[in-house]
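The block underneath contains the structure these notes are about, expressed in structure tokens.
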Amino acid sequence: RFGAMMRAMDINLQELPFVIYACFVLHNYCEASKDTTEESHVTEAIQHDRDDQPDPEPDF
Numbered sequence: 001r002f003g004a005m006m007r008a009m010d011i012n013l014q015e016l017p018f019v020i021y022a023c024f025v026l027h028n029y030c031e032a033s034k035d036t037t038e039e040s041h042v043t044e045a046i047q048h049d050r051d052d053q054p055d056p057e058p059d060f
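Using full-length UniProt numbering, you'd call the opening residue of the sequence shown number 1 and step up by one each time.
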């Protein structure tokens, strides 16, 4: 539903609460409007989150 959330974002930590709040508002608006998300998109997003993780940094 929100493709921009699937990539890294350069957000000032002081502004982060506003971004999170905006996501809640958009989500609730979509829910109230009966805007649906296809199951395949949800599955793809979950798989992306699992596969696209940074390599762990070695402990020296």
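C-beta atoms are modelled at their ideal positions from N, C-alpha and C, and glycine is treated no differently.
Just so you know, the alpha carbons of Ala32 and Gln47 end up roughly 27 Å apart. In the structure shown, the three-state DSSP call for Leu16 is helix. The DSSP-derived three-state label of Phe24 is helix.
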